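Accompanying notes for the structure given below.
Number of protein chains: 4
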Amino acid sequence: MEYNQILEEIQLELTSYKGLGKLPDYIPELAQVDSDKFGCSIVTVEHKKHQIGDVLQKFSIQSISKVFTLAMALSFEGKDLWQRVGVEPSGSAFNSIVQLEYEKGIPRNPFINAGALVIADVLLSRINNPKAKLLEFINMLAGGSHIDINIDVYVSEKNTSAMNTSLAHMLKAYGNINNDINAVLDFYFFQCAIEMSCEELSFALLPFADHTTCFNYAGISLSASRVKRINAIMLTCGFYDESGEFSFKVGLPGKSGVGGGIVAVHPNKYSVAAWSPLLNEKGNSVMGMKALELLTTKTGLSVF
Amino acid sequence: MEYNQILEEIQLELTSYKGLGKLPDYIPELAQVDSDKFGCSIVTVEHKKHQIGDVLQKFSIQSISKVFTLAMALSFEGKDLWQRVGVEPSGSAFNSIVQLEYEKGIPRNPFINAGALVIADVLLSRINNPKAKLLEFINMLAGGSHIDINIDVYVSEKNTSAMNTSLAHMLKAYGNINNDINAVLDFYFFQCAIEMSCEELSFALLPFADHTTCFNYAGISLSASRVKRINAIMLTCGFYDESGEFSFKVGLPGKSGVGGGIVAVHPNKYSVAAWSPLLNEKGNSVMGMKALELLTTKTGLSVF
Amino acid sequence: MEYNQILEEIQLELTSYKGLGKLPDYIPELAQVDSDKFGCSIVTVEHKKHQIGDVLQKFSIQSISKVFTLAMALSFEGKDLWQRVGVEPSGSAFNSIVQLEYEKGIPRNPFINAGALVIADVLLSRINNPKAKLLEFINMLAGGSHIDINIDVYVSEKNTSAMNTSLAHMLKAYGNINNDINAVLDFYFFQCAIEMSCEELSFALLPFADHTTCFNYAGISLSASRVKRINAIMLTCGFYDESGEFSFKVGLPGKSGVGGGIVAVHPNKYSVAAWSPLLNEKGNSVMGMKALELLTTKTGLSVF
Amino acid sequence: MEYNQILEEIQLELTSYKGLGKLPDYIPELAQVDSDKFGCSIVTVEHKKHQIGDVLQKFSIQSISKVFTLAMALSFEGKDLWQRVGVEPSGSAFNSIVQLEYEKGIPRNPFINAGALVIADVLLSRINNPKAKLLEFINMLAGGSHIDINIDVYVSEKNTSAMNTSLAHMLKAYGNINNDINAVLDFYFFQCAIEMSCEELSFALLPFADHTTCFNYAGISLSASRVKRINAIMLTCGFYDESGEFSFKVGLPGKSGVGGGIVAVHPNKYSVAAWSPLLNEKGNSVMGMKALELLTTKTGLSVF
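Chains as they are written, first to last, in the numbering used here: chain A, 1 to 304; chain B, 1001 to 1304; chain C, 2001 to 2304; chain D, 3001 to 3304.
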């Protein structure tokens, strides 16, 4: 597969999407990014990388971090985890508290904010220093050592936390948060503030695509079957209320973040990370979504 | 892959699930089936079949028919179809009218009843004799000529149609039904009353798994890209409010019906149909679901 | 109380509200009315009438008819009626089907469309010629003989009936409609198409205000206690999602219709009917609502 | 009116309701009350009191306190208050957070918990020592000096505050809380922990029934028109999702609390407080509701 040529074609076609969408406004740091940026990095299971654009620039991974914390929680809890969080698409906006009340405090899946808070609670119960362990895990996955949070983003997240705090208290009311609420929220804001580049993200996701290599990083180990289940959740729930659309158009398991990043995996073929800051109305990167759609269209390959 | 041996193991393990679940009670014909029945038929893209159990007995395919009508509507309308029906999971029970009102008459996807009614309306607008064409299409897909409806089921469906009639009138109120409502409903009840065996279903689904053969049956032709998109919708929406669970545990695109049938495809590998009449509380076959879960567990292969 | 002077003051103050709001557009007949019209007729329990404006012009009473059919159904069924329809405010738009599904086919109250359809079903079960009886009852209440339907409105209602037909089929699905759905809908459209003037409506409502006179008209008889309960439902449910607002600002039990009519009763004091065709966004007459608010403000009298 | 005799008849008839319902379990203090207790105190606008049962025993007034804080907030803010809280019935359970999200942080009315939190926020913005002022206001209303909170209840409320804390953070997220959330919640738990007897409550509510005496207590002054509007809100929203039922059966404005207390006013006639700890499934006192229903049935008088 001539990935390099395909990436060049994609970059060319994306020029007509420049300027579409808008920057997120809920924290100032995410609105200060150069909105024209775009990068895309593919790593194949043979460890060959194919890249185009701003693949080395760090950005806020935001909700993409939920893939990593889910992997950690699943390694600790095993299938018991599914007593506390579901695997069904949510069918509503990503902050929606409605379904949570309706379903008595069991979040629909680990990728809506409520689900990620429960996952955070699991990690706080299981690990002495979960922040350090999370960074260690991600650095190991990415094969580097320079991945850390952006302090300004972290502080800003804490200062605009009313809706997530509301969610956390409701989870507590239903008995689905065991640790101190402020500690859970603090961890959650920490994970959202992690910064990575497209290159780093594509390497960090490769272990989710490569089922032939043992998944064991920084003490976090998962069977191939569990890795596949994380992929399944990515496909059905990874793009909020637009998951069906992504599955339909791209056909790969993936996860997006409001920092403009998108990751996806083609099992046994490659992992890919794209980044462009302008978002559509559902909170997903306009050019990132389009890039991945073009990638599977041009390669003629998706999981379907 | 030793499918025959795997099927034997599956049948053995399923004995502990016998008697679990219950027969549907909304029409008497579906409740008169021998609840112990089980069959499973696999057809590989090399056209080898592997079967176990009651694979030749006909049963009511019910909602599985929505895959075939979607394929027909997509071949006629192309991407314009997505103006009238979405591709997002519904996140609620299969008859739910709520989302329909909330979303102004655009059904979330083609597999909830409201979506299937819109698909039926498309076919009535496009085809002179849509019932005959549907049967012709399915017979061509399955490579046979003996597939037809069960008249008793068809009549019973018509007599217990209040909720679907309510849905149809609401769609009409929002301008998303163009034909006579009774004609639309009549076609919908007709498609649900089609009877097929596991063997027939597995063959009829094979063209959705095999992207190397041109999809062109009885004049219904689809590009490989469109076939994949139908698969994507099956994966995210094929099992009502349990689609996430099926994707998570089985990892294949599929579709179930309240007649106890389940079909799934492993792209470029095989299609499979399982049948057992007892249903779980979500309306999916207990043993059928478990059979497919065991199949992908034992083969170690899913799309993820 | 100097009602005549107060009515003149009200008419003067209402000039600044002229032209506000819009005509209903769902059937053409309601949109052909002169939008500047305004009338208000008060009848005291001493049978003195005080009027201003276009009090003799007939208009479509629409949902105000639900008060009369409720009175009839209650006289036939007694408290058993409350097994089939509730008495709680609906808290959502007047056509909403959501709550109906959520509450298993028991409409929240008799004044939402679903509730009125159940009331219609009751009358069809109880009366041989319910249309004739309804007209006889209203003519007796109003002390006249010239009240009838507008045929054009009736025909138009039947031709724009999709949402109400949807509601009726859902009620049928839950077993809360016993008669033929088309007959139920036909009666419902008939009642909505009744035409009355402000004068006629104010007289027809007087028996709901006057608890000292026996309520017995055309064979429809109610105890004072039951009449009061109808008033209670008017106060909590009479203005769709704006009932709280009406109770808050006007302080009387009342009922509005999309024909621009509003009726209200001050128990043991008077009944009042106001009419002006332009509606606010909730479907209630702008000037009618304001007229009644001014009436209770200026008289200093409400039930509170 | 022979109130004393009527109260004796009511007490007699209530014996068949003894033991029905259950004690609230969300805080231990409310579950430790003698469940057989019952009291009822009527005070007429001529200041005559008529009582039966345990009318001097203090109990936790809980949500009844919302009437008093609403009166205070309305005296400070006037009609601007209605920019921050609505006057419509909520049509759902009393803790429901759904409508709050749907309506962008504007609680439907001041008597659902979210609305009471906004009212508390208003008081914190307007008064230096709102707790002291609230007690002073209630003591003035009741004409006494011994009304205070129950410290144990107050502490317990604070320790079981997760759902209300969730609500407060959501209100904050929508910009409808201006003060420190913990201070707002602290005041809210304080007001719920106030203890009063039936006698005290009936006197404290009398100014809401008597529109001939100037409403001016501890500096909180309201026009008769505003007092009537509070009564209107009590009638449409005072009993959570059972407000329509109370209006229908009792026909008076009123307010209940999970401590088993119920107050009501018959404008220009009397105020009444009833108390009995066992609650129905909607959270309203079983015997209290029945006592007031019998009162208006036997006197033949309601606002309707």
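Ideal Cβ positions, reconstructed from N, Cα and C, are used throughout, including at glycine. Just so we're clear, the structure is a prediction, and the values are computed from it rather than from any experiment.
On the three-state DSSP scale, how would you describe D152 of chain A? Locating residue 152 of chain A in the first sequence gives position 152, counting from the first residue. In the structure shown, D152 of chain A sits in a helix (DSSP, three-state: H, G or I).
Which of helix, strand or coil does DSSP assign to C1040 of chain B? Looking up residue 1040 of chain B in the second sequence gives position 40. In this structure, DSSP gives C1040 of chain B an extended state, which the three-state scheme calls strand.
Close Cβ partners of L2222 of chain C (< 7 Å) along its chain, the five nearest in sequence each way excluded: Counted from its first residue, the third sequence places residue 2222 of chain C at position 222. Closer than 7 Å at the Cβ level, and outside the excluded window around L2222 of chain C, lie A2071, L2074, S2075 and F2215.
Return the CA-CA distance between L1295 of chain B and L1007 of chain B, expressed in angstroms with no decimal places. What you label residue 1295 of chain B is simply residue 295 of the second sequence in a count that begins at 1. What you label residue 1007 of chain B is simply residue 7 of the second sequence in a count that begins at 1. If I take the Cα positions, the gap works out to 8 Å.
So with Cβ pairs under 8 Å, would you call A1116 of chain B a contact of chain F? Absence of chain F from the displayed structure is noted, the protein chains being A, B, C and D.
Helix, strand or coil at V263 of chain A according to DSSP, with G and I counted as helix: Within the first sequence, numbered from 1, the residue matching residue 263 of chain A stands at position 263. Strand, per DSSP.
I119 of chain A (DSSP reduced to helix, strand or coil): Translated into the one-based positions of the first sequence, residue 119 of chain A becomes position 119. Note: I119 of chain A maps to helix in three-state DSSP.
Cβ separation of Y2270 of chain C and V2045 of chain C, assumed to be a contact under 8 Å, to the nearest whole Å: Counting from 1 along the third sequence, the entry for residue 2270 of chain C is found at position 270. Counting from 1 along the third sequence, the entry for residue 2045 of chain C is found at position 45. Right, their Cβ atoms sit about 7 Å apart.
Strand pairing of G2254 of chain C, partner residues [DSSP]: The residue you call residue 2254 of chain C lines up with position 254 of the third sequence. In the DSSP assignment, the residues bridged to G2254 of chain C are C:A2264.
Between S2125 of chain C and chain B, is any beta-carbon pair separated by less than 8 Å? One-based indexing of the third sequence puts residue 2125 of chain C at position 125. Not one beta carbon of chain B lies nearer than 8 Å to the beta carbon of S2125 of chain C.
Give me the Cα-Cα distance between F1094 of chain B and A162 of chain A, rounded to the nearest whole angstrom. Looking up residue 1094 of chain B in the second sequence gives position 94. Looking up residue 162 of chain A in the first sequence gives position 162. Annotation note: pLDDT 42 at F1094 of chain B (below 50); position unreliable, coordinate value reported separately. The alpha-carbon atoms of F1094 of chain B and A162 of chain A are separated by roughly 34 Å.
H3050 of chain D by DSSP, collapsed to three states: which one? Looking up residue 3050 of chain D in the fourth sequence gives position 50. Of the three classes helix, strand and coil, the one that applies to H3050 of chain D here is strand, per DSSP.
Output yes or no for whether 8 Å exceeds the beta carbon distance between L100 of chain A and N179 of chain A. Within the first sequence, numbered from 1, the residue matching residue 100 of chain A stands at position 100. Within the first sequence, numbered from 1, the residue matching residue 179 of chain A stands at position 179. In this structure, N179 of chain A does not lie closer than 8 Å to L100 of chain A by Cβ.
Inter-residue CB distance, M3287 of chain D and L3278 of chain D (contact presumed, cutoff 8 Å): Taking the fourth sequence and counting its residues from 1, the one referred to as residue 3287 of chain D is at position 287. Taking the fourth sequence and counting its residues from 1, the one referred to as residue 3278 of chain D is at position 278. A Cβ-Cβ separation of about 7 Å places M3287 of chain D in contact with L3278 of chain D under the 8 Å criterion.
DSSP bridge partner residues for N3216 of chain D (one or two, in chain order): For the purposes of this step, residue 3216 of chain D is taken as residue 216 along the fourth sequence, with counting starting at 1. Beta-bridge pairing links N3216 of chain D to D:S3221.
Give me the Cα-Cα distance between T2069 of chain C and S3285 of chain D, rounded to the nearest whole angstrom. Start at 1 with the first residue of the third sequence, and residue 2069 of chain C comes out as number 69. Start at 1 with the first residue of the fourth sequence, and residue 3285 of chain D comes out as number 285. Their backbone Cα atoms lie some 33 Å apart in a straight line.
With distances taken between CB atoms, is the gap from I1119 of chain B to P1110 of chain B smaller than 8 Å? To locate residue 1119 of chain B, count along the second sequence from 1; it is residue 119. To locate residue 1110 of chain B, count along the second sequence from 1; it is residue 110. Yes, the pair counts as a contact, with Cβ atoms nearer than the cut-off.
Member of C:G2039, C:G2244 and C:G2086 whose CA lies at the smallest distance from the CA of T3236 of chain D: One-based indexing of the fourth sequence puts residue 3236 of chain D at position 236. For T3236 of chain D, the closest alpha carbon among the candidates C:G2039, C:G2244 and C:G2086 is that of C:G2244.
Restricting to Cα atoms, I'd like to know which of A:S156, A:G105 and A:V272 is closest to I52 of chain A. Here the question's residue 52 of chain A lines up with position 52 in the first sequence. Comparing Cα positions, the closest option is A:V272.
Determine which residues share a DSSP beta bridge with M196 of chain A and list them. Along the first sequence, read from residue 1 onward, the residue named residue 196 of chain A stands at position 196. In the DSSP assignment, M196 of chain A is bridged to A:F59.
So with CB distances below 7 Å, who are the chain D contacts of A2232 of chain C? To locate residue 2232 of chain C, count along the third sequence from 1; it is residue 232. Within chain D, the residues near A2232 of chain C are S3247, F3248, G3251 and F3304.
For I2006 of chain C, name the three-state secondary structure that DSSP assigns. Within the third sequence, residue 2006 of chain C is the residue found at index 6, counting from 1. In the displayed model, I2006 of chain C falls within a helix according to three-state DSSP.
Return yes when at least one heavy atom of the ligand SAM lies under 7 Å from the C-beta of K1049 of chain B, else no. The ligand SAM is not part of the structure shown, which contains no ligands of any sort.
Buried or exposed (CB count within 10 angstroms, at least 16 for buried), K1255 of chain B: Within the second sequence, the letter at position 255 stands for residue 1255 of chain B. Buried, by the Cβ-count rule.
Any Cβ of chain A within less than 8 Å of the Cβ of V1286 of chain B? Here residue 1286 of chain B refers to the residue found at position 286 when the second sequence is read from its first residue. Using a CB distance cut-off of 8 Å, V1286 of chain B does not count as an interface residue toward chain A.
At least one CB of chain B closer than 8 Å to the CB of D241 of chain A: is that the case? To locate residue 241 of chain A, count along the first sequence from 1; it is residue 241. Taking Cβ atoms only, chain B reaches closer than 8 Å to D241 of chain A, which makes this a yes.
Cβ contact check for the segment 3054-3065 of chain D and the segment 3249-3264 of chain D: 3 or more pairs under 8 Å: Result yes; three or more Cβ-Cβ pairs closer than 8 Å.
Ordered along the chain, which non-local residues of its own chain (more than five positions away) have a Cβ less than 8 Å from that of G3251 of chain D? As a working note, residue 3251 of chain D is residue 251 in the fourth sequence. Correct list, in chain order: T3296, S3302, V3303 and F3304.
Close beta carbons around E1107 of chain B, own chain, < 7 Å, minus the five adjacent residues each side: Locating residue 1107 of chain B in the second sequence gives position 107, where the first residue counts as 1. The sequence shown places Pro at residue 1107 of chain B, not Glu. Once the five neighbours on either side are set aside, the close Cβ partners of P1107 of chain B are V1085, G1086, L1100, A1114, G1115 and V1118.
By how many angstroms is the C-alpha of F1239 of chain B removed from the C-alpha of A232 of chain A? For this step, residue 232 of chain A is matched to residue 232 along the first sequence. For this step, residue 1239 of chain B is matched to residue 239 along the second sequence. The alpha-carbon separation between A232 of chain A and F1239 of chain B amounts to approximately 14 Å.
Give me, in chain order, the residues of the same chain whose beta-carbon lies closer than 7 Å to that of T2165 of chain C; leave out the 5 immediate sequence neighbours on both sides. Translated into positions along the third sequence, residue 2165 of chain C becomes position 165. Result list for T2165 of chain C: L2185, in chain order.
Exposed or buried, which one is V33 of chain A when buried takes at least 16 other CB atoms within 10 Å? Counting from 1 along the first sequence, the entry for residue 33 of chain A is found at position 33. Answer is buried; the Cβ neighbour count reaches 16.
If you draw a straight line from the alpha carbon of L1292 of chain B to that of F1248 of chain B, how long is it in whole angstroms? Indexing the second sequence from 1 puts residue 1292 of chain B at position 292. Indexing the second sequence from 1 puts residue 1248 of chain B at position 248. So the two alpha carbons sit approximately 12 Å from each other.
Give the single residue among A:L12, A:I138, A:K158 and A:K298 whose Cα lies nearest to the Cα of L206 of chain A. Taking the first residue of the first sequence as position 1, residue 206 of chain A is located at position 206. Nearest of A:L12, A:I138, A:K158 and A:K298 to L206 of chain A, Cα basis: A:I138.
Between the segment 2212-2229 of chain C and chain D, which residues of the former have a C-beta closer than 9 Å to a C-beta of the latter? For the segment 2212-2229 of chain C, residues whose beta-carbon sits nearer than 9 Å to a beta-carbon of chain D comprise A2224, S2225, V2227, K2228 and R2229.
Out of curiosity, what's the CA-to-CA distance linking L56 of chain A and V122 of chain A? Taking the first sequence and counting its residues from 1, the one referred to as residue 56 of chain A is at position 56. Taking the first sequence and counting its residues from 1, the one referred to as residue 122 of chain A is at position 122. Take the alpha-carbon of L56 of chain A and the one of V122 of chain A: they are about 32 Å apart.
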